[in-house]
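Below you'll find the structure, written out as structure tokens, and then a few comments.
In my numbering, the protein residues as written are 18 to 357.
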């Protein structure tokens, strides 16, 4: 019995040698103040080794990719995981930190001109809005009130409607290849419909994202917000969240990203409970522009800064104009955007 116990201890010891460990006094130092840099800036990485251990090698990784100790930040914005894999003797020890990458330019300011004003169903708690082949589709929220609709945008007439189960709180939608993809809020469920019949074709689950908020597409992939500063890229075959960007300005993160619309290579995003729309670079998360819609909220009698807020962006490629509305607004606005 003693022999077997000794053998077990020996095998365990062999197994532990060379395994990665996070228990050490190693820490990563950067030349960046508060570990915060701007896009395009360089950062020098080094290892703090207070115990003076002999080091065989150090491998630095930024968001899982190997980098050199002289690092230039020219990729994505946001909080990025920084890891040092340190080999000392027969051990691999892990030190963790992070870098926050800000944009290197201030967002440009944009304004708008109202081209037309149309009626909008004031009972619709608008969560998603999108044109597809000249038709306007809308997703509305609230438990017991959630709907998917096709709407005549000029008259406000509901052309097709389906009610969701009372347990679903509908959120954003997008239409791709004759399929409507509609998010729900906290049910970890997206619903897929046939665009012509509104027949349900299936569901998909969220992976790493917290909740369902906004949705848009670039003609190939879906882009999903979850109420944070993150926008996730969804594969339409597997529905895995294959990638993500974090939305930052030159000052910090832009959180509570809500309804999304893909317009000419950029993502336009409502910021929940704010009267502005952010114009986002989908490659790196940079907020390149901001459209101030504060004046338009004065035209809504029941506007509320914490409930009936601006929410709903739809681009009509036939008119090359943008349509905006809000939660329980009685108006839908067709606007043209220009630099301020």
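We put the beta carbon where it would ideally sit given N, CA and C, even for glycine. Here the structure is a predicted model, which means the values were calculated and not measured.
Per-residue burial, residue i [other beta carbons within 10 Å of its own, 16 or more giving buried]
i: residue 243; result: buried
i: residue 71; result: exposed
i: residue 132; result: exposed
i: residue 97; result: buried
i: residue 160; result: exposed
i: residue 32; result: Residue placement at residue 32 is flagged as unreliable, the pLDDT there being 36, under the threshold of 50; the coordinate-derived value follows with that caveat. By the 10 Å Cβ count, residue 32 comes out exposed.
i: residue 281; result: exposed
i: residue 30; result: In this prediction, residue 30 has a pLDDT of 36, which is less than 50 and means its spatial position is unreliable; what the coordinates show is noted afterwards. Residue 30 comes out exposed.
i: residue 342; result: buried
i: residue 166; result: buried
i: residue 318; result: exposed
i: residue 130; result: exposed
i: residue 83; result: exposed
Residue i versus the options, residue with shortest Cα-Cα distance
i: residue 63; options: 47, 327 and 337; result: 47
i: residue 101; options: 171, 214, 81 and 352; result: 81
i: residue 275; options: 266, 256 and 296; result: 296
i: residue 229; options: 163, 216, 204 and 219; result: 204
i: residue 93; options: 78, 120 and 77; result: 120
i: residue 190; options: 182, 202, 129 and 183; result: 202
i: residue 89; options: 284, 54, 108 and 69; result: 54
i: residue 334; options: 352, 328, 324 and 348; result: 352
i: residue 109; options: 84, 60 and 43; result: 43
i: residue 344; options: 83, 137, 75 and 84; result: 137
i: residue 67; options: 77, 51, 45 and 75; result: 45
i: residue 215; options: 181, 226, 186 and 227; result: 181
Residue range of the unbroken beta strand (DSSP E) whose run includes residue i
i: residue 75; result: 74-79
i: residue 117; result: 108-119
i: residue 242; result: 239-242
i: residue 303; result: Per DSSP, residue 303 belongs to no beta strand (DSSP E) and is neither H nor E.
i: residue 375; result: Shown here, the chain extends from 18 to 357; a query on residue 375 therefore has no answer.
i: residue 319; result: Taken as a continuous stretch (DSSP letters only), residue 319 belongs to no beta strand (DSSP E), as it is neither H nor E.
i: residue 85; result: Element bounds for residue 85: n/a, residue is neither H nor E.
i: residue 329; result: 327-333
Three-state secondary structure assigned by DSSP to residue i
i: residue 203; result: coil
i: residue 13; result: Nothing about residue 13 can be read from this structure; the chain reaches only from 18 to 357.
i: residue 23; result: Any reading at residue 23 must be qualified, since the residue scores a pLDDT of 37, below 50, and its modelled position is unreliable; no value is offered.
i: residue 264; result: coil
i: residue 136; result: strand
i: residue 172; result: coil
i: residue 313; result: helix
i: residue 216; result: coil
i: residue 272; result: coil
i: residue 166; result: strand
i: residue 235; result: coil
i: residue 373; result: The question about residue 373 has no answer here: the residues shown for the chain are numbered 18 through 357.
i: residue 37; result: Any reading at residue 37 is ruled out, since the residue's pLDDT is 48, under 50, leaving its predicted position unreliable.
i: residue 160; result: coil
i: residue 123; result: coil
i: residue 345; result: coil
i: residue 254; result: coil
i: residue 184; result: coil
i: residue 57; result: coil
i: residue 31; result: Only weak support is given to the placement of residue 31: the predicted model assigns it a pLDDT of 34, under 50, and the value that follows is read from those uncertain coordinates. Residue state, collapsed to three classes: helix.
i: residue 355; result: strand
i: residue 291; result: coil
Whether residue i touches residue j by CB criterion (8 Å)
i: residue 292; j: residue 311; result: yes
i: residue 212; j: residue 196; result: yes
i: residue 127; j: residue 302; result: no
i: residue 223; j: residue 209; result: no
i: residue 277; j: residue 349; result: no
i: residue 251; j: residue 287; result: no
i: residue 290; j: residue 264; result: no
i: residue 79; j: residue 56; result: no
i: residue 99; j: residue 330; result: no
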